[in-house]
Amino acid sequence: MTSTRASSASAPDTDPDVARAYDDLVALVQHGPRFHGTPGIAAAADWLEGRLTAVGLSVDRQSVALPGWQPGTVHRLVVRSPIERELPAWPMLWSGSTDGAVRGTVESVGPQGLWGDSMVWRKFVVRDDAGRPVAYLHARDGGPAAPQPLPAGSDLDVAHLAIGRLDGLQLTEWLDDGRPVVVEAEVDSGPVDAAVSDNLIVDLAAADGGSDPARGTVLLCAHYDTFFNTVGAYDNGSGTIALLELAERWAAKAPAVPVRLVFFTAEEWHLGGSRHHLDAASAADLEAIDYVLNIDGLGRGSFVEAFAGPEAFSTAFRDALMAYAAGTRPDLELVTRFPPTVGTDDASFHRAGVPSAFLTFNDLHRLHQPDDEPNLGIAANIAWTVPLAEHLVATLPRPTRVAPPGIL
Ligand SMILES: [Zn+2]
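According to full-length UniProt numbering, numbering within the sequence shown proceeds without interruption in unit steps and concludes at 408.
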C-alpha cells in the first residue's frame with residue numbers, strides 16, 4: 001500500500017486522532033497475518049520496536065517458543081448426501097491432517113466448549129465405514145466459520161474443521177430428520193518443529209518518579225499476534241495500535257503511575273505469550289502489579305464487553321468506564337461479567353491472583369476472518385480508547401487482592 005493518507009482524503013472531516021489510528025493500523029497490517037512463529041509476526045515485531053525506539057523508549061524482548069503447527073493450504077468440506085454442497089471450513093488450531101480426502105457419516109456429539117466455556121459450539125464426529133473417527137466438525141454459536149484453538153486433550157491425530165453457525169444448524173436439522181449425512185473432508189494442517197516469536201515489553205516511569213509507596217505498576221497489554229487466516233485489524237491490530245499510541249503519549253509526557261506495556265504474542269495459542277510472561281515472573285514481580293488492563297479487539301460499533309476480577313475490581317472498573325463514557329460516549333452499550341471469561345490474556349493473570357480487566361468492542365462477524373481489515377469504525381474506537389486507558393491508569397486505585405480462583 002502506498003498512500004496511507006487515502007483514508008483521511010476520502011473522509012475529509014475525520015477527526016485527526018481517528019485518521020492517525022487508521023494510518024497506524026494500515027501500517028501494521030501491511031506485514032500480513034501475524035501468526036505466531038511466522039515471518040509476518042517477526043516483521044510486525046520489528047516495526048513495533050522501530051516505532052517505540054523512535055520516541056526514545058527501550059524495548060525488552062521475551063522469546064516465546066511453543067510446539068509448532070501449520071495450517072496447510074487445503075481445507076475442504078463437501079456434503080455429498082442428502083444434497084451436494086461445499087461448506088466454508090477452516091482447520092482448528094492444532095488440527096491433524098486427513099492425509100488426502102476422507103469420506104464418512106456425520107453424527108452429532110453435543111456441545112463443544114472452547115476457551116473454557118467462553119464459547120459453546122456444536123460438535124459432530126465424522127466416521128468412516130469401519131466406525132473410526134476421521135474428522136470432527138465444530139459449528140460456531142454465531143457468525144461465519146472461524147477457526148479457534150482446540151481444547152487441551154483433543155485428539156490431534158484427527159482433522160478438526162470449524163464451520164459456520166448456519167451450516168451447523170443445517171447438519172443438525174438433517175440428522176434430526178433421520179437423514180444420513182455423508183461428507184468428504186480434506187485438510188493438510190499439522191505439527192511442525194517449533195513456533196517462536198517475542199513478547200515486547202516497555203517500562204515507563206511515573207511523572208513523579210514513582211514516589212507513592214502505596215502504588216505498584218499498572219500492566220497494560222494487548223496481543224499483537226493474529227490467527228493464520230487474517231491480518232487481524234480488529235483482532236488485535238486495534239489493541240496493538242492503542243498500546244503503541246499510549247506509549248508515544250507517555251514517551252512525551254510520563255504517566256501518572258509507573259506503567260509496563262506488554263505486546264503479547266501467541267495469545268491465539270491458548271494465551272502462550274502471557275502464560276510465558278507469568279511463568280518467568282517472580283512472586284515479588286506479580287505483587288508489584290497493581291492490576292492488568294488488557295485491550296483485545298476494538299471493533300466497529302458501540303457494544304463493549306468489560307470483564308474483570310476480583311469482583312470488587314470488576315465493579316470499580318465498570319463504574320469508571322460508565323463515568324467516562326457518560327461524558328464522551330453516551331451511545332455506549334456496556335456488558336460486564338464476573339467471573340471474567342478465559343478467552344484472552346487477562347485470564348493468565350486472573351488465574352494467578354493478579355487483579356485484571358479486559359476491554360473489547362465486540363465485532364464477532366469479523367473475528368478470525370480474512371476480511372478483518374482496517375476501517376474507520378475500528379479507528380474511531382481506538383481514538384476513544386487511548387484517552388480512556390490514560391484516564392483509567394491515572395484514576396483507578398490499586399485493587400485489594402483475593403486468593404487466586406483455583407478451578408472455579
Ligand atoms: Zn484477540
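Yeah, the Cβ is synthetic: ideal placement off N, Cα and C, and Gly gets one too.
So, helix, strand or coil for I382, using DSSP?
Your numbering for residue 382 matches position 382 in the sequence shown. Reduced to three states, the DSSP call for I382 is helix.
How big is the Cα-Cα spacing for R318 and A312?
Counting from 1 along the sequence shown, the entry for residue 318 is found at position 318. Counting from 1 along the sequence shown, the entry for residue 312 is found at position 312. About 10 Å.
Apart from the five residues just before and just after G272, which ones in its own chain have a Cβ nearer than 8 Å to its Cβ?
On the sequence shown, residue 272 is found 272 positions in, with the first residue counted as 1. So the list reads H36, V64, L66, T265 and A266, once near-sequence residues are dropped.
Go ahead and label E86 buried or exposed: buried means 16 or more other beta carbons lie within 10 angstroms of its beta carbon, across all protein chains shown.
As a working mapping, residue 86 is identified with position 86 in the sequence shown. Exposed, since its Cβ has fewer than 16 Cβ neighbours within 10 Å.
Quick test of the definition: if touching needs 3 or more C-beta pairs under 8 Å, does the stretch 369–384 touch the stretch 13–26?
yes
Who are I163's beta bridge partners in DSSP?
For the purposes of this step, residue 163 is identified with residue 163 of the sequence shown, where counting begins at 1. Bridge partners of I163: A139.
To the nearest angstrom, how far is it from the Cα of T400 to the Cα of L169?
In the sequence shown, counting from the first residue as 1, residue 400 sits at position 400. In the sequence shown, counting from the first residue as 1, residue 169 sits at position 169. Cα to Cα, T400 sits roughly 45 Å from L169.
Of the residues L364, A194, L52 and D117, the one placed nearest G142, counting alpha carbons only:
Counting from 1 along the sequence shown, the entry for residue 142 is found at position 142. The shortest C-alpha separation from G142 is found at L364.
List the whole-angstrom C-beta distance separating P255 from L204, where the pair is believed to meet the contact cut-off of C-beta under 8 Å.
Here residue 255 refers to the residue found at position 255 when the sequence shown is read from its first residue. Here residue 204 refers to the residue found at position 204 when the sequence shown is read from its first residue. The pair is a contact, with the Cβ atoms about 6 Å apart (cut-off 8 Å).
What number of angstroms, rounded off, separates the C-alpha of V402 from the C-alpha of G40?
Locating residue 402 in the sequence shown gives position 402, counting from the first residue. Locating residue 40 in the sequence shown gives position 40, counting from the first residue. Taking the straight line joining both Cα atoms gives about 40 Å.
Boundaries (first-last residue) of the beta strand (DSSP E) holding A308:
Within the sequence shown, numbered from 1, the residue matching residue 308 stands at position 308. It spans F303 to G309 - the beta strand (DSSP E) in which A308 sits, taken as one unbroken run.
For N236, three-class secondary structure by DSSP
Here residue 236 is taken as the residue at index 236 of the sequence shown, counted from 1. Here N236 sits in helix by DSSP.
DSSP state of P16 mapped onto helix, strand, coil
What you label residue 16 is simply residue 16 of the sequence shown in a count that begins at 1. Correct three-state label for P16: helix.
List the endpoints of the continuous beta strand (DSSP E) containing T105.
Residue 105 sits at position 105 when you count from the first residue of the sequence shown. Per DSSP, T105 is one residue of the beta strand (DSSP E) stretching across V102 to L114.
Identify every residue that forms a DSSP beta bridge with T400.
Indexing the sequence shown from 1 puts residue 400 at position 400. In the DSSP output, where bridge partners are listed per residue, T400 has none listed.
If I measure Cβ to Cβ from Y324 and keep anything under 7 Å in the same chain, skipping five residues before and after, which residues do I get?
Translated into the one-based positions of the sequence shown, residue 324 becomes position 324. Cβ neighbours of Y324 beyond the five flanking positions: L388 and H391.
Just to confirm my understanding: we take R51, look at its own chain, exclude 5 residues before and 5 after, and list those with CB closer than 7 Å. What are they?
The count along the sequence shown starts at 1 and reaches residue 51 at position 51. Excluding sequence neighbours, R51 sits near L244.
Please confirm if the stretch 351–366 is in contact with the stretch 122–136, defined as three or more CB-CB distances below 8 Å between the two stretches.
At 8 Å Cβ cutoff, the stretches do not touch.
Just verifying my parser: in three-state terms, what is the DSSP assignment at I289?
As a first step, residue 289 must be located in the sequence shown, where it is residue number 289. For I289, the three-state secondary structure derived from DSSP is strand.
Minimum C-alpha distance to L334 - residue among P144, S314, G190 and D193
Position 334 of the sequence shown, counting from 1, holds the residue named residue 334. Residue S314 is the option with its Cα nearest to L334.
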